[in-house]
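Worksheet for the structure shown next.
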Amino acid sequence: MRSLHIVPVVLALLGALAVPGDAATAVGTRQYANPRFAISFEFPSDWAPEAEGSHAISFAPRGPRGCQAEVRVRFDGRGKGRTLEGEVIEFTRALAGRPGAQLIAQEQVTVAGKRGVRLRSRFIRREETVRQEQYIVEHGIWFYWIGYTASSQVFGDHLPAFRMMLGTLRLGD
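Per my numbering, residue 5 is the first one in the sequence shown, and the count goes up by one each step.
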């Protein structure tokens, strides 16, 4: 039987940014690094860490709740049996179980110099239409799930901060 460990590194972006567009760079950035999972990235300096455990960290910007970004690392302990294509199938199956689910786009991408897939979707959550942009990135036997989810009304307001984080993502060996 395979040993599969799911290790979340959660960025709970539970609020709104004050300035649209390049707001993330306008307020400055801070660095997050986790050598155990060979990951680092920048995040807006006005976000405050809320909790950190051995496998998770969450941040929340000041302001009302409304969006969430998440980074999750998956590791197959034996290093075989999991593929990027299999991770995408798992995502689409989970999406299909949500009310009003629709996969809008799927494309091959390169993130931090690594092979990945970008999936854009929408679904209904608590009677509200929600949009999601999910990246699944393969790095050796690791799979990094980097996603952003927000209500359709505020999705565009927070997307620049998520993409800034994604653009500064570094995956080590």
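All C-beta atoms in this analysis are idealised placements derived from N, C-alpha and C, irrespective of residue type, glycine included.
What residue from ALA37, PRO39, SER44 and GLY32 has the CA that sits closest to ASP50's CA? GLY32
Short of 7 Å in beta carbon distance, which residues of its chain neighbour GLU142, apart from the five on each side in sequence? Order them along the chain. LEU88, LYS118, ARG119 and GLY120
Got a sec: does the ligand ZN put a non-hydrogen atom nearer than 6 Å to the Cβ of ARG124? No copy of the ligand ZN appears in this structure; indeed no ligand is present at all.
Decide if ALA100 is buried, meaning its Cβ has at least 16 other Cβ atoms within 10 Å, or exposed. exposed
How should GLN106 be labelled, buried or exposed, when 16 other C-beta atoms within 10 angstroms of its C-beta is the threshold for buried? exposed
Given a cut-off of 7 Å, decide if ARG97 and PHE127 are closer than it, judged by their beta-carbon atoms. no
Helix, strand or coil at GLY117 [DSSP, three-state]: coil
Go ahead and pull the three-state DSSP assignment for THR153. strand
By Cβ distance below 8 Å, which residues in the same chain neighbour GLU111 in space, the five residues on each side in sequence not counted? VAL121 and ARG122
So is THR114 buried or exposed if we call it buried at 16+ other beta carbons inside 10 Å? exposed
Is the Cβ-Cβ distance between LEU170 and ILE43 less than 7 Å? no
Which partner residues of ARG135 appear in the DSSP bridge assignment? ARG126 and ALA154
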